[in-house]
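Here the working numbering is used: position 63 in the sequence shown is 1050, and no number is missing along the way. Glycine included, each C-beta is placed from N, C-alpha and C at the ideal position.
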Amino acid sequence: MSAAVSSRYEALRELSGQIHDRLGDELWRHGFASDQITLLPPPLANYGLDRDSFTGAPALVGRWLDSQGRRRGSLVFHADGSFFVEQDILQPHPRRPGWFVEAITAWGRELTIQTELRLLPMPE
988 MSAAVSSRYE
998 ALRELSGQIH
1008 DRLGDELWRH
1018 GFASDQITLL
1028 PPPLANYGLD
1038 RDSFTGAPAL
1048 VGRWLDSQGR
1058 RRGSLVFHAD
1068 GSFFVEQDIL
1078 QPHPRRPGWF
1088 VEAITAWGRE
1098 LTIQTELRLL
1108 PMPE
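Put into structure tokens, the structure is as follows:
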């Protein structure tokens, strides 16, 4: 990790931990047991700086990969303080028969954190 990436991540370490906690709270609120799903923690992502296509400012982007190198989720922290995080879940919804949770997302700006499950109908 370059010095610029490392410095930017360190500045966002606390926020990324709070986002991770909120994602866990959202899963629990929907009925998932704590041992049913393991959320990948922010320090395990691979980070780099990408140019924001809208503002041109550098954004810190982290990607979680599984052992085969497939994407499991991502974190994007924009220079203006906004962020978007998503992580694959791919589990049946514990309280909504016929639905499964594709992913969980978080977005917001600074300490305002919103979370949501992305639901899809169960394949037949």
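Which residues in the same chain have their Cβ closer than 6 angstroms to the Cβ of residue i, if we skip the five residues on either side of it in sequence?
| i | result |
| --- | --- |
| ALA1046 | ASP1037, ASP1039, VAL1063, HIS1065 |
| GLY1068 | ARG1096, GLU1097 |
Which residue wins for smallest C-alpha separation from residue i, given the options the options?
| i | options | result |
| --- | --- | --- |
| ARG995 | GLN1005, ASP1012, VAL1048 | VAL1048 |
| LEU1052 | GLY1043, PHE1071, ASP1075, PHE1070 | ASP1075 |
| GLY1060 | GLU1089, PRO1084, ILE1100 | GLU1089 |
| PHE1087 | PHE1070, GLU1111, THR1099 | GLU1111 |
Excluding five sequence neighbours on each side, which residues of the same chain lie with their C-beta closer than 7 angstroms to the C-beta of residue i?
| i | result |
| --- | --- |
| SER1003 | PRO1029, LEU1062 |
| GLY1035 | VAL992, VAL1048 |
Can you grab the Cα-Cα spacing for the pair residue i / residue j, in whole Å?
| i | j | result |
| --- | --- | --- |
| HIS1017 | VAL992 | 35 angstroms |
| VAL1072 | ALA1032 | 11 angstroms |
| HIS1080 | ASP1022 | 15 angstroms |
| GLY1085 | SER989 | 45 angstroms |
Here's the rule: buried if 16 or more other CB atoms are within 10 angstroms of the residue's CB, otherwise exposed. What is residue i?
| i | result |
| --- | --- |
| ALA1093 | buried |
| LEU1107 | exposed |
| PHE1041 | exposed |
State the CB to CB distance for the pair residue i and residue j, rounded to an integer number of angstroms; the pair is presumed to be in contact (CB under 8 angstroms).
| i | j | result |
| --- | --- | --- |
| ILE1091 | LEU1077 | Incorrect: roughly 11 angstroms between the Cβ atoms, too far for contact. |
| LEU1026 | THR1102 | LEU1026 to THR1102, Cβ: 11 angstroms. No contact. |
Beta-carbon within less than 8 angstroms of residue i's beta-carbon, same chain only, minus the 5 sequence neighbours each way: which residues are those?
| i | result |
| --- | --- |
| ARG1114 | Nothing in the structure corresponds to residue 1114, since the chain is present only between 988 and 1111. |
| ALA1044 | ARG1038, HIS1065, ALA1066, ASP1067 |
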